[in-house]
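*Asks:*
2 protein chains.
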Amino acid sequence: MTGHEEEFWNWYNDIIENADISDKRYPVKGMNVWRPYGWKLTLLIDEQIRNAMESTDHDEVCFPLLIPEDQFAKEAEHIKGFNSEVYWVTHAGLNELDIKLLLRPTSETAMYPLFSLWVRSHADLPLKVFQLVNTFRYETKQTRSFIRVREIHFFEAHTCHVDYEDAERQIQEDLEIVEDIMKELCLPYLISKRPDWDKFAGAYYTLGIDTLMPTGRTLQLGSIHQYRQNFSKPYEIKYEKDDGAHEYVHQTTYGMSERLVGAIIGVHGDEKGLVLPPKVAPYQVVVVPILRKDITTEVLNECKKIQEELKEAGIRAHIDNRDLRPGNKYYHWEMRGVPLRIELGPRDMESNHVILVRRDTGEKMQVSRADMISTVNEHMDKISSNLLKRAREKLEAGVKVVDSIDDAREVAGEGIILFAWCGSYDCAEQIEIVLNASILGELAGKHSDYYRNHYRSIVGDGEHRCAVCGLGTDKLVFVARTH
Amino acid sequence: MTGHEEEFWNWYNDIIENADISDKRYPVKGMNVWRPYGWKLTLLIDEQIRNAMESTDHDEVCFPLLIPEDQFAKEAEHIKGFNSEVYWVTHAGLNELDIKLLLRPTSETAMYPLFSLWVRSHADLPLKVFQLVNTFRYETKQTRSFIRVREIHFFEAHTCHVDYEDAERQIQEDLEIVEDIMKELCLPYLISKRPDWDKFAGAYYTLGIDTLMPTGRTLQLGSIHQYRQNFSKPYEIKYEKDDGAHEYVHQTTYGMSERLVGAIIGVHGDEKGLVLPPKVAPYQVVVVPILRKDITTEVLNECKKIQEELKEAGIRAHIDNRDLRPGNKYYHWEMRGVPLRIELGPRDMESNHVILVRRDTGEKMQVSRADMISTVNEHMDKISSNLLKRAREKLEAGVKVVDSIDDAREVAGEGIILFAWCGSYDCAEQIEIVLNASILGELAGKHSDYYRNHYRSIVGDGEHRCAVCGLGTDKLVFVARTH
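Chains as they are written, first to last, in numbering that gives the first Met the number 0: chain U, 0 to 482; chain R, 0 to 482.
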């Protein structure tokens, strides 16, 4: 680990502790306690996900945690991929169980036995469901709050379709949902089609959703999978077609995890602490009374009125009336990333103003009381745009185009490397070994045109050549050290 | 099981299946799949709980699922109570774990090691947190959807206080919260102080929250526990007092489970299916277009406008524009318990009216379009009041006062028996054996005056005498067969 990375993790761990996000002193490694402020943030992220899923006609369900060993074992690749990282329940009460149960690492093998009962005819398709649950993976690497944990807060959507094309349309819809959700979280991201050896266990192909952390490494936030009929065959999920024949469904999944919280902390945070996107900030505005001994009550009452007005306008507002100096309160709420602060003192009251301070820029404004709500709303939008813009600039600056593995070596570890690859396993292996990095995959999704043009603008318009063997290719891939 | 009970369970199981509440074909006994409609209902109940907890300054947290065996074993009574019904994780991946982990049956032993770190001084008190999670108990009796399951959707509040009196005040607040939540669910209930042998494992005393099901048996929906210092001592949760001395905190808990869903189904349902309380109905209004071939589009558009207007007024509204006859749609949504139905046909459009139909009474009204929103809101309130009123009348009628065990024998199994008890274990045992029923406990909570007066009005004003031994006593107890 570089000094820079170590510095980042120290900052990250401190902020998680000091801003009351999570407590990692729970006596099981990698299983952390969500403290109220962090849990509220997470529930608000969940709400963004729910809204996006409901507006695209996905139904929310909740499947059991425990999966019987025989159901889990039905899809051979899947069990191979997960066997080394599942928790096994072997006993209940004083009895040994006849069939061992595992804690879901993901819910394919819990859901699909039921899907085979739910899907009968093409009228039942598409089936689009999702759930928000905790999943479990026995991580053996070093754990990190939100980023590598053993109990994972998780969102997973599962769909069944009449054919491959309809499943592909679902994946396009998923990509639009990713764009919507990530915009609310002000997080830039890259989509790439994972190489075959790195796809999800059982998938036909996998799209990864990655962002760039201040460590120079990428963080996978989620993924979208095309399963084709890989699961529907062993789980016998089939429907009757108009002609009476039976056909196995085509399936997709789309999942994201609490890594979104880790990304929000890492990507937006600064030396003062968290900087939260307004859409998911537990408090969007904190009101701080500036008291003078003789007129304490009036100022406090006015602050309460302000809080009420904000709440009525649908803004999450908190009033800090603790017996502390204003500076201490500023410090406290800046650390917790509250997007806007309103200060109100006797002079502001007299002149019918409030002071509005932005967390992202530190900008301080005098706002007339009458314009308060509209100005707060306007600045929440501006903060969202600004957070996304500056994070996107960092991500884009973090993508280095190279056309040879020697050039790549010089920038390895400083972000994401974009180059041409012939597609062969040998060249991939060499890239990964020489750079001590992973191939994230081929460009995909809405940003691929941008990066393809970017590559051309630097390397030239001719045929691209594999950075390792020099063979002609049209594959452009992202490579990075990953978390 | 009596024929009446069997009939009820047949109805109950059918309605759960037909109204898309839950699917019990999951391949682990007692672990059911929440289907979209049932899960939405449950999330709306959770929302009522969240609102009540937040307005009483409880913070929401989320603790890990897995508890290490050594933490679990710290409070002797607690482990004795739960040892025979916990699920054990003994292996992870290919390894056997050094310390076995259990799936939380309840979260005392997960939370309290952290509470001992969180509580330092009296400024940290009271500590009031809650969580909404699934818990696990290895039930060996016959399982029943929502009522006796092995994975349980669960709400649990945990508090720490400076002394016993403050903990007692918390219990009073909990009783007010119970009243608020149960009012929204239109569920009448009884509070009773459980006899010592039936209190929660580790508690100083337990208050049970019971309702009466149509089977004539009571169903415990939740409970409130006074722990005193029973847990704070083994878990070393203490605070520094002003004088520098250290004192163990006093603790309480309050929990309710998905049995609330079972009670809503059982208590309010009728021969047509579910009757849902408006506050938690996934759809509060269903709009059914009555189509005539020539003016289909106009009617459909107007129905969509109605749905939009309802949604804007904060009412959960669904439009059923499937290609089915209206009668089939009525049947479909009556079964699912939607509180109000709006029908709109060409003639209603012409006269600027809608037809409004109540699920609870079947009442059908012509309502002018201009009054629609206010009339819908008014009738949702009326439905809530009516559901609570008729359920409360049934509960009150189900409480039989007797003054001897012989009289009790004649009404055993027909509801709840109220009588005087001296408090001795011997008399209790005799009551329970002779009646094949359980002592719920002594009257407690806001309804105890009502039932005490009711007892006096039948048995007389003199000193009460134990129904078994005849000794004078002031203890009045509820006895019932329970689920």
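Glycine included, each C-beta is placed from N, C-alpha and C at the ideal position. This structure is a prediction, so every number in the text was calculated from the model and none was measured.
Kindly list, in the order they appear in chain R, the residues whose Cβ is closer than 7 Å to that of N133 of chain U.
*Replies:* In chain order: L64.
*Asks:* So, using beta-carbon positions, are S437 of chain U and A479 of chain U closer together than 8 Å?
*Replies:* Pairing S437 of chain U with A479 of chain U gives a Cβ-Cβ distance under 8 Å.
*Asks:* Report yes or no: is there a C-beta of chain U within less than 8 Å of the C-beta of E150 of chain R?
*Replies:* yes
*Asks:* Quick one, which of U:E239, U:R315, U:H157, U:D241 has its alpha-carbon nearest A202 of chain U's?
*Replies:* U:H157
*Asks:* Within 10 angstroms of its Cβ, does T105 of chain R collect 16 or more other Cβ (buried), or is it exposed?
*Replies:* So T105 of chain R counts as buried.
*Asks:* Just to confirm, are I180 of chain R and I48 of chain R a CB contact at a threshold of 8 Å?
*Replies:* yes
*Asks:* Compare the C-beta of P187 of chain U with all C-beta atoms of chain R and state if any pair is closer than 8 Å.
*Replies:* Cβ-Cβ to chain R under 8 Å: no for P187 of chain U.
*Asks:* Using a Cβ-Cβ distance cut-off of 8 Å, determine whether G92 of chain U contacts chain C.
*Replies:* Absence of chain C from the displayed structure is noted, the protein chains being U and R.
*Asks:* Could you compute how far the alpha carbon of D123 of chain R sits from the alpha carbon of S115 of chain R?
*Replies:* When the Cα atoms are used, D123 of chain R and S115 of chain R turn out to be separated by approximately 11 Å.
*Asks:* Is K39 of chain R close to chain U, meaning its C-beta is less than 8 Å from at least one C-beta of that chain?
*Replies:* yes
*Asks:* Give the C-beta separation of M255 of chain U and F154 of chain U to the nearest angstrom, bearing in mind that I take them to be a contact with Cβ-Cβ under 8 Å.
*Replies:* 5 Å
*Asks:* Would you say Y11 of chain R and P281 of chain R are within 8 Å of each other, going by their C-beta atoms?
*Replies:* No; because the gap between Cβ atoms is not below 8 Å, this pair is not in contact.
*Asks:* Taking 8 Å as the limit between beta carbons, can you name the residues of its chain near I430 of chain U, skipping five residues before and five after?
*Replies:* The residues are I404, A407, W420, A436, I438, A466, V467, V478.
*Asks:* To the nearest angstrom, how far is the alpha carbon of S350 of chain U from that of S367 of chain U?
*Replies:* 8 Å
*Asks:* Classify Y204 of chain U as helix, strand or coil using the three-state DSSP reduction.
*Replies:* Shown here, Y204 of chain U sits in a strand according to DSSP, grouped into three states.
*Asks:* Q70 of chain R versus chain U: which residues are under 7 Å apart at the beta carbon?
*Replies:* What Q70 of chain R touches in chain U: P26.
*Asks:* CB-CB under 7 Å to K198 of chain U, same chain, minus the five flanking residues each way: which ones, in chain order?
*Replies:* Y204, T205
*Asks:* When you compare each of U:N9, U:A51, U:D473, U:G469 to R451 of chain U by their alpha carbons, which one comes out closest?
*Replies:* U:D473
*Asks:* Exposed or buried, S384 of chain R, counting other C-beta atoms within 10 Å across all chains shown (16 or more means buried)?
*Replies:* exposed
*Asks:* Please list the residues of the region 311-323 of chain U that have a C-beta atom closer than 8 Å to any C-beta atom in chain R, keeping them in chain order.
*Replies:* none
*Asks:* What separation, rounded to the nearest whole angstrom, lies between the Cα atoms of C302 of chain R and D56 of chain U?
*Replies:* Using only the alpha carbons, I get a separation of about 20 Å.
*Asks:* Are at least three pairs of beta-carbons, each pair with one atom in the region 283-293 of chain U and one in the region 244-264 of chain U, less than 8 Å apart?
*Replies:* no
*Asks:* When DSSP labels each residue in this structure, what does N50 of chain U get in the three-state scheme?
*Replies:* helix
*Asks:* Using the three-state DSSP reduction, which class does A436 of chain U fall into: helix, strand or coil?
*Replies:* coil
*Asks:* Between M212 of chain R and chain U, is the shortest Cβ-Cβ distance under 8 Å, so that the two count as touching?
*Replies:* no
*Asks:* Kindly say whether R335 of chain U, judged by its beta-carbon, lies nearer than 8 Å to any beta-carbon of chain R.
*Replies:* By this cut-off, R335 of chain U is not an interface position.
*Asks:* Does DSSP put Y489 of chain R in a helix, a strand or coil?
*Replies:* With chain R covering only 0 through 482, there is no way to say anything about residue 489 of chain R.
*Asks:* Can you tell me whether P63 of chain U is helix, strand or coil according to DSSP?
*Replies:* coil
*Asks:* Rank U:E311, U:K271, U:N320 by C-alpha distance to the C-alpha of N300 of chain U and give the top, closest one.
*Replies:* U:N320
*Asks:* With a 10 Å radius around its C-beta and 16 neighbouring C-beta atoms as the bar for buried, classify Q306 of chain R as buried or exposed.
*Replies:* Classification of Q306 of chain R: buried, given that the 10 Å Cβ count is 16 or more.
*Asks:* Which one of R:I432, R:H463, R:I264 has the shortest CA to CA distance from A390 of chain R?
*Replies:* R:I264
*Asks:* Name the chain U residues whose beta carbon is nearer than 7 Å to that of T89 of chain R?
*Replies:* W87, T89, H90
*Asks:* Do you know how far the Cα of D209 of chain U is from the Cα of T217 of chain U?
*Replies:* T217 of chain U and D209 of chain U: Cα-Cα distance of roughly 6 Å.
*Asks:* Using a cut-off of 8 Å between C-beta atoms, extract the partners of P67 of chain U located in chain R.
*Replies:* P26, V27
*Asks:* Alpha carbon to alpha carbon, how far is P26 of chain U from L101 of chain U? Give it in angstroms, no decimals.
*Replies:* Their Cα atoms are separated by approximately 21 Å.
*Asks:* Would you verify that the beta carbon of E342 of chain R is, or is not, closer than 8 Å to some beta carbon of chain U?
*Replies:* no
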